[in-house]
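So the structure is just underneath, and the comments pick up after that.
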Amino acid sequence: MNSKVRVRFAPSPTGPLHIGGVRTALYNYLFAKKHGGDFLLRIEDTDSGRFVPGAEKYIIESLRWCGIVPNEGVGFGDGAHAPYRQSERKELYLDYALQLIDDGFAYYAFDTAEELDALRKEQESQGKAFTYNYQVRTSLSTSLKLSKEDVEERIARGEQWVIRFKMPENEQIRMQDLIRGEVVVNSSTLDDKVLYKSADQLPTYHLANIVDDFMMEITHVIRGEEWLPSLPLHVMLYRALDWEDNMPQFAHLPLLLKPDGKGKLSKRDGDRLGFPVFPLQWQDPKTEEISSGYRESGYFPEAFINMLAFLGWNPGTTQEIFSLDELAEAFSLDHVHKAGARFDFEKAKWYNHQYLVTRSDEDLAADFEKILAEKGISAEHNFVVKVVALVKERVNFVKEMWQQASFFFIAPKSYDADVIKKRWKDNAPALIAEAKDVLLNFDGFDAETIKHGLHDFITEKQANMGAVMNCLRLSLVGSSFGPDLPVIIEMLGKEEVAARIEKAVKTIGI
RNA sequence: GGUCCGUUCAUCUAAGGGUUAGGAUUCAAGAUUUUCAUUCUUGCCAUAGGGGUUCGAAUCCCCUACGGACUACCA
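According to the numbering used here, the residues represented by the first sequence are 2 to 511, in order.
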């Protein structure tokens with residue numbers, strides 16, 4: 002193939018993008034980058050009834066946050082194929098639909114929604130499914146049955162009509178999928194899909210999608226597996242429009258499944274199972290219901306993308322940490338898995354941890370300072386940098402640093418009862434008070450000096466190392482966790498340490 | 001119901017006729033540590049079932065089971 006690779010992500014603005022959609026966008030982006038091609042964003046807003054205000058903006062913002070930046074498209078600067086919003090291209094589609102009628106590949110249908118409903122019910126009552134196909138199209142109110150004059154008159158009268166594709170009878174449709182190989186379907190099992198409707202003068206997805214992909218010179222269609230059943234129709238449309246030579250190659254991605262078993266991941270799963278399904282937080286404009294997002298949960302976009310890329314794809318090596326550029330370099334549709342992937346929240350957290358620990362202390366401190374500010378705490382920047390360096394290994398998210406490090410900024414308000422029970426023996430207050438005096442008399446106050454000093458003190462008193470250190474920790478931290486104690490003591494400083502020990506001696510056990 | 005797609009540890013996956021079926025996450029144990037965590041080591045755990053083809057099958061074919069998607073004048 003000598004034409005430049007061009008792929009697209011074409012969501013419809015009916016709500017927030019969930020992680021499955023983000024992954025589809027990601028794979029398209031990676032594929033384009035890998036092949037030095039273009040990636041574009043097209044908004045498929047042909048369903049006016051399901052339009053959700055804010056959804057388009059949400060999609061654009063999500064892609065931006067992820068670093069999945071299209072070369073052209075809505076919100077990313079127009080290219081040569083503008084506009085990229087189907088509602089702004091609406092006058093394009095009718096001509097093609099009419100052309101299909103002229104060429105005998107489509108026809109007018111005048112059935113009302115009520116009539117169709119009645120037909121469906123009737124068939125259902127006999128245990129059969131109603132299919133609008135070769136068996137019925139010549140006996141219903143269609144241009145295949147009605148006279149030319151009748152059809153023209155109905156249209157002139159303003160009667161509502163749709164244009165349906167005339168799916169041929171008993172033809173083996175062979176299709177090539179880049180991920181699944183050859184797929185064969187008999188056309189008799191397919192129905193005559195609506196391509197265009199007079200009511201809103203808009204095409205349906207199928208027509209608009211094919212016309213736009215053709216006009217935008219799309220070479221590869223990478224989309225979710227839920228579209229596989231409509232592939233035969235799409236292939237037939239390319240043929241009917243005589244565009245088969247320019248038909249893109251197709252790749253249907255495995256679905257993202259619910260973590261607890263049944264079905265594809267849906268918008269409702271997230272907050273039900275305690276993890277986000279959306280990249281960004283979303284508030285439903287109607288119900289005002291808020292759904293959590295990865296960004297707001299504290300994920301780094303790099304970690305989020307890395308995690309998503311590995312749901313259904315692998316590089317063929319054991320490397321698991323990839324930057325976006327590295328992903329683009331390694332990406333190949335050959336390594337896309339065929340089966341659906343169940344989303345694993347634990348792995349998502351692990352990915353974030355990996356990115357967190359490799360992030361610079363400076364950057365982490367800047368992030369953590371925002372959280373401190375929310376708590377009304379201001380601290381010296383260098384101090385925060387040190388704190389962050391000390392606790393980063395122990396957390397998955399920056400915001401978890403607060404639980405791990407709050408004692409660096411505020412004295413413990415209470416002491417862990419379990420630790421008191423286990424460690425705070427009768428002699429503890431006296432011992433700790435003495436340790437405090439020893440600490441205060443050190444010449445230097447660096448961790449090394451403190452460590453040796455405390456060690457000597459413990460040896461001299463013939464005390465138990467664990468007992469002294471843990472009581473000291475309890476006094477300073479309020480519990481039994483945290484980094485190396487001498488380091489904590491150094492960072493807190495003489496005065497603060499003395500004050501905390503005094504308070505502990507007075508308070509604990511009473 | 002019909003059409004299509006799929007099925008390797010609990011989870012994400014590797015192995016495209018020849019490996020003790022590998023890695024990662026989770027979980028468990030041990031080591032380290034004043035504590036917690038990290039880290040390190042070890043362990044547990046899989047080819048859905050049945051038939052073929054073959055010297056040899058996770059891999060190719062068939063059947064069954066199970067799972068999923070689609071089945072709108074939605075995308």
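A virtual CB, placed ideally from N, CA and C, is assigned to each residue, including glycine.
Asked, Found
"A110 to D151 span [Cα, whole Å]", "12 Å"
"Distance between beta carbons of M308 and A349, contact taken as under 8 Å", "5 Å"
"Cβ shell of Q161 (< 6 Å), same chain only, five flanking positions each side left out", "S199 and A200"
"Beta-carbon contacts of A331 that lie in its chain and below 6 Å, excluding the five residues immediately before and after", "P316"
"Every unbroken beta strand (DSSP E) inside the stretch 85-115 [3 residues or more]", "107-110"
"Exposure of K376, with buried meaning 16 or more beta-carbon neighbours within 10 Å", "exposed"
"Contact under 8 Å by Cβ, A342 with L274", "no"
"Limits of the beta strand (DSSP E) - the one that I174 falls within", "Q173 to D178"
"Span of the beta strand (DSSP E) around G182", "G182 to N187"
"Neighbourhood of S144 by C-beta distance below 8 Å, restricted to the same chain and skipping five residues each side", "I102, Y108, Y109, A110 and V152"
"Inter-residue Cα distance where the pair is E394 and V358", "6 Å"
"Closest residue to A500 among A468, L441 and S480 (Cα-Cα distance)", "L441"
"Contact under 8 Å by Cβ, Q355 with A304", "yes"
"Span of the alpha helix (DSSP H) around Y30", "I20 to K35"
"Unbroken beta strand (DSSP E) run spanning I223, endpoints", "H221 to G225"
"Which listed residue (Q87, A436, Q284 and D285) has its alpha carbon closest to that of L203", "Q87"
"Within 8 Å, strictly: CB atoms of P188 and I174", "For the sequence presented, residue 188 should be read as Ser rather than Pro. Yes, Cβ-Cβ distance for S188 and I174 is below 8 Å."
"Cα-Cα separation, N247 to P280", "35 Å"
"Separation of V236 from A367, as counted between CA atoms", "53 Å"
"Y197, enclosing alpha helix (DSSP H) - first and last residue", "Not the alpha helix (DSSP H): Y197 falls in the beta strand (DSSP E), residues V195 to K198."
"Unbroken beta strand (DSSP E) run spanning D39, endpoints", "D39 to L42"
"Paired residues, beta bridge with W314 - DSSP", "V337"
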